[in-house]
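Asks: Questions regarding the structure given below will be posed in turn.
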Amino acid sequence: MRDAVGDDVGRWPAGEPGFWRQVVERLGTALLVLDPAGRVIAANPAAERLLGRTTAAMRGADAHDLLHRDADGNKVPRDRCPLLHALAEGKEARGEGGTYLRSDGRLLAVSWSASPLTQDGSVRGVALLFTDATGDRRVHRERTARTRALEDLNERLSLVAEITEVLGQTLETEEALARLVRLLVPRLADWAAVDLRTGSGDVHRVAVTGPGGRDAGFGGRRAPVAEEAGEVEHSPLGRALTRGESVLQERVAAAAPAAGLSPLAALHGGFLAGVGASSAVTVPLGAEGRITGALTVVRTDPIHPFDQGDLDAVGDVGRRVGVVIDNTRRYGRQRAVAEAMQRNLLAPLPRPGRLRLAARYQPAPAGSQVGGDWYDAFTLKDGALALVIGDVVGHDLTAAAGMAQLHGILRSLAWDHTGPPGAVVDRLDAAMPVITTVPLATLILARVEGDPDTGPWTLRWTSAGHPPPLLLSPDGTACYLEAGQGLLLGTGTGTGTDTGAGRPDATHPLEPGSTLLLYTDGLVETPGSDLDTGLDRLRRHALALAHEPLDTLCGEVLAHLPPGSTDDVALLALRVPPP
933 MRDAVGDDVG
943 RWPAGEPGFW
953 RQVVERLGTA
963 LLVLDPAGRV
973 IAANPAAERL
983 LGRTTAAMRG
993 ADAHDLLHRD
1003 ADGNKVPRDR
1013 CPLLHALAEG
1023 KEARGEGGTY
1033 LRSDGRLLAV
1043 SWSASPLTQD
1053 GSVRGVALLF
1063 TDATGDRRVH
1073 RERTARTRAL
1083 EDLNERLSLV
1093 AEITEVLGQT
1103 LETEEALARL
1113 VRLLVPRLAD
1123 WAAVDLRTGS
1133 GDVHRVAVTG
1143 PGGRDAGFGG
1153 RRAPVAEEAG
1163 EVEHSPLGRA
1173 LTRGESVLQE
1183 RVAAAAPAAG
1193 LSPLAALHGG
1203 FLAGVGASSA
1213 VTVPLGAEGR
1223 ITGALTVVRT
1233 DPIHPFDQGD
1243 LDAVGDVGRR
1253 VGVVIDNTRR
1263 YGRQRAVAEA
1273 MQRNLLAPLP
1283 RPGRLRLAAR
1293 YQPAPAGSQV
1303 GGDWYDAFTL
1313 KDGALALVIG
1323 DVVGHDLTAA
1333 AGMAQLHGIL
1343 RSLAWDHTGP
1353 PGAVVDRLDA
1363 AMPVITTVPL
1373 ATLILARVEG
1383 DPDTGPWTLR
1393 WTSAGHPPPL
1403 LLSPDGTACY
1413 LEAGQGLLLG
1423 TGTGTGTDTG
1433 AGRPDATHPL
1443 EPGSTLLLYT
1453 DGLVETPGSD
1463 LDTGLDRLRR
1473 HALALAHEPL
1483 DTLCGEVLAH
1493 LPPGSTDDVA
1503 LLALRVPPP
């Protein structure tokens, strides 16, 4: 059988009349034969059918000029034709995604393969096989479109998630909205604006940003909110504010807003015209019944307008931002109440003879919660001057209320009990779990003993886990008074009233011309820095201000707090008169 096959094959010589012509004519794949110059010298019927051209019409024509086009139907420069490069180099080549021009003007996507025809080592032409790849290209386009749609959806979801995370990091309305527009531009839009309702019935444009972070003068503008149906219909901003509608403007008219529109419509239209909007989305901030404002995002490129997917994503952002604004406003009211409570409880400082006192209370910076720091100074019934600095654990109204409770109880105990400070604080520690809501607290209670006019003066104090006092001496030195340290209030370890041990007391003479600083930990503790660094910074800075008036010293110490501080600060200073 093998011999018969072999003999049979041997009887099919390439030169047999008509053999190769039959092969080429019956070949289902289109074939063109080109000469070394790239001219068509032959074509099979499959090529004629695919191109809609006869062999006679193509013979002698430059194949590149006749057929090769780009995807838009334009001629392809000859130096960018891979087939001509293969012909010139006498090498095999193949390609995907080429486009040929049919005789009826339609473009045909092709996949092709070229093989040189050689004789005696020289290239005599090229055989070009090609197939219709239109279906493959359509599938590729559809796959690309689906992939792009998924990427766009993922980007929108990622943006919404990032906005939610970033807005949750602040409790200040203005800071939250500034972060919002910086996230939207340029990732989603070319411009973004936020309008908030005010208590007076107006709308106030509180945040605007565009390319490079500029606002182009559109920030800070106001307009009354019209409730009339006719005026609302003319303004996407009005529909968002009064009806809670999300509005997609796929095409924004280039002309300026017409005269006679409501102030709200003019505000919105003027912004769109001023930034050159081609499309825009306006959504309410919040949900129905709790709409606090509106968010408008703008694109200026007409080739990439907003679509329904963008409207859904921005609408989701608007609902989330509305919740954040509600929370920040609620927090702001709570913070204002707590700050007012603290300031009203900080009694005026006495003027004991020639001794001088100064104090400061500074709330936590924007974005942080109110704390429970306080100071106090008052004259005791035996004539000594009491100094108090304290910090209730916690950062909320509960901490502020706890500070008020300790403040009042300590004043009563110190006035009634003229013993050493440690004994007074022991009594406070015993009473704290029974008649206050304070879980833990730190404080220093000190007595300045001596004639208030003539001295000499001695400091006697105890510390319940509080940072040590800083003493600035007239000779230009400074030291922290580390003695007298005891446990925090509220640790439940027992007090001297029960055990007889008592809290430790310490004493230190106060030289004429010296300055004593009592402070809370917000002055020396900042995120990313250790306590020793903070104490050293305070010592050096206070020494440089030691000869300044006491009010100036306190103000400058607080003014130079390092960035990143998240706590409130209380500061109490005593200056002993010079000799």
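With our numbering applied, the sequence shown covers 933 to 1511. A virtual CB, placed ideally from N, CA and C, is assigned to each residue, including glycine. As the structure is a prediction and not an experimental result, all values here were calculated from the model.
Taking all protein chains shown into account, decide if Val1256 is buried (16 or more other Cβ within 10 angstroms of its Cβ) or exposed.
Replies: Result: buried.
Asks: Take Val1058 as the anchor and find which of Val1508, Ala974, Gly1254 has the nearest alpha-carbon.
Replies: Out of Val1508, Ala974, Gly1254, Ala974 has the C-alpha closest to the C-alpha of Val1058.
Asks: Under the assumption that Leu1442 contacts Thr1390 (Cβ atoms under 8 Å), give the Cβ distance between them as a whole number of angstroms.
Replies: Their Cβ separation, rounded to whole angstroms, is 7 Å, which keeps Leu1442 and Thr1390 in contact under 8 Å.
Asks: Assuming the contact rule is C-beta atoms closer than 8 Å, Ala1505 and Leu1449 should be a hit. Round their C-beta distance to whole Å, please.
Replies: Yes, Ala1505 and Leu1449 are in contact; Cβ-Cβ is about 5 Å, under 8 Å.
Asks: Have a look at Val1135 and Asp1244 and give me their C-alpha separation to the nearest angstrom.
Replies: Near 24 Å, if we compare the C-alpha coordinates of Asp1244 and Val1135.
Asks: Rounding to the nearest angstrom, what Cα-Cα distance links Arg1252 and Leu1217 in this structure?
Replies: Those two C-alpha atoms are separated by around 8 Å.
Asks: Tell me, please, which residues DSSP counts as bridged to Trp1389.
Replies: Per DSSP, Leu1442.
Asks: At 3 residues or longer, and completely inside the region 1093-1151: list those beta strand (DSSP E) runs for me, N to C.
Replies: For the region 1093-1151, whole beta strand (DSSP E) runs of length 3 or above, ordered along the chain, are 1123-1129, 1134-1141.
Asks: Grab me the residues of Leu1342's own chain with a C-beta within less than 6 Å of its C-beta, minus the 5 sequence neighbours each way, in chain order.
Replies: The answer, listed in chain order, is Leu1360.
Asks: Quick one, are the C-beta atoms of Val1508 and Gly1445 less than 8 Å apart?
Replies: Going by C-beta atoms, Val1508 is nearer than 8 Å to Gly1445.
Asks: Candidates Asp1233, Thr1050, Leu1128, Arg1175: which alpha carbon is nearest Leu1227's?
Replies: Nearest option by C-alpha distance: Leu1128.
Asks: Tell me, to the nearest whole angstrom, how far the beta carbon of Thr1458 is from that of Ser1497; I am working on the premise that it is less than 8 Å.
Replies: With a Cβ gap of about 5 Å, Thr1458 and Ser1497 count as contacting.
Asks: Taking Arg1038 as the reference, which of His1339, Thr1066, Leu1289 has the closest Cα?
Replies: Nearest of His1339, Thr1066, Leu1289 to Arg1038, Cα basis: Thr1066.
Asks: Name the residue from Gly1030, Gln1294, Gln1181 whose alpha carbon lies nearest to the alpha carbon of Leu1061.
Replies: Checked all of Gly1030, Gln1294, Gln1181; the closest Cα to Leu1061 is Gly1030.
Asks: Rounded C-beta distance between Gly1397 and Leu1420? I'm assuming under 8 Å.
Replies: About 4 Å; that satisfies the 8 Å criterion.
Asks: On a Cα-Cα basis, can you pick out the residue from Ala1362, Ala1046, Pro968 that is closest to Ser1054?
Replies: Cα-wise, what sits closest to Ser1054 is Pro968.
Asks: Would the region 1462-1479 count as touching the region 1283-1298 if we require 3 or more Cβ pairs under 8 Å?
Replies: Not touching, per the Cβ criterion.
Asks: Quick check on this structure: which residue in Pro1365, Leu1377, Asp1348 has the alpha carbon closest to the alpha carbon of Gly874?
Replies: Absent from the structure is residue 874, since the part of the chain shown begins at 933 and ends at 1511.
Asks: Is Phe1203 helix, strand or coil when you go by DSSP?
Replies: Phe1203 falls in the helix class under three-state DSSP.
Asks: Please name the residue, chosen from Val1230, Leu1204, Arg971, Leu1116, that lies closest to Asp994 on a Cα-to-Cα basis.
Replies: The shortest Cα separation from Asp994 among Val1230, Leu1204, Arg971, Leu1116 belongs to Arg971.
Asks: Under three-state DSSP, which class holds Arg1292?
Replies: Reduced to three states, the DSSP call for Arg1292 is strand.
Asks: Does DSSP classify Ile1223 as helix, strand or coil?
Replies: Reduced to three states, the DSSP call for Ile1223 is coil.
Asks: Is it true that the CB of Ala1296 sits closer than 8 Å to the CB of Leu1404?
Replies: Against a cut-off of 8 Å, the Cβ pair of Ala1296 and Leu1404 comes out as no contact.
Asks: Reducing DSSP to helix, strand and coil, say where His1000 ends up.
Replies: His1000 falls in the strand class under three-state DSSP.
Asks: Per DSSP, what kind of secondary structure is Gly1241 in: helix, strand or coil?
Replies: Reduced to three states, the DSSP call for Gly1241 is helix.
Asks: Determine which residues share a DSSP beta bridge with Asp1323 and list them.
Replies: Paired residues: Asp1305, Thr1374.
Asks: By a C-beta neighbour count over all protein chains shown, 10 Å radius and 16 as the cutoff for buried, is Ile1095 buried or exposed?
Replies: By the neighbour-count rule (16 or more Cβ atoms within 10 Å), Ile1095 is buried.
Asks: Leaving out the 5 sequence neighbours to the left and right, which residues in its chain are closer than 7 Å to Pro1399 when beta-carbon positions are compared?
Replies: Excluding residues within five positions, the ones whose Cβ falls inside 7 Å are Tyr1451, Asp1453, Val1456.
Asks: According to DSSP, is Ala1197 helix, strand or coil?
Replies: Three-state DSSP puts Ala1197 in a helix.
Asks: Classify Gly1005: buried if its beta carbon has 16 or more other beta carbons within 10 angstroms, exposed otherwise.
Replies: The residue in question, Gly1005, is exposed, as its Cβ has fewer than 16 Cβ neighbours within 10 Å.
Asks: Quick one: Cα of Tyr1032 to Cα of Glu980, how far?
Replies: Straight-line Cα distance between these residues: approximately 13 Å.
Asks: Given a cut-off of 8 Å, decide if Ala1139 and Leu918 are closer than it, judged by their beta-carbon atoms.
Replies: Outside the shown range of the chain (933 to 1511) lies residue 918, about which nothing can therefore be said.
Asks: Mind checking Val1229: buried by the 16 CB within 10 Å criterion, or exposed?
Replies: Flag for Val1229 reads buried.
Asks: Excluding five sequence neighbours on each side, which residues of the same chain lie with their C-beta closer than 7 Å to the C-beta of Gly984?
Replies: Correct list, in chain order: Arg1034, Ser1035, Asp1036.
Asks: Could you round the C-beta distance between Leu1019 and Leu966 to whole angstroms and report it? I think they count as a contact, below 8 Å.
Replies: With 8 Å as the limit, Leu1019 and Leu966 qualify as a contact, their Cβ atoms being about 7 Å apart.
Asks: Thinking C-alpha only, which one of Ser1132, Gly1152, Arg1119, Asp1468 is nearest Pro1143?
Replies: Measuring from the Cα of Pro1143, the nearest candidate turns out to be Arg1119.
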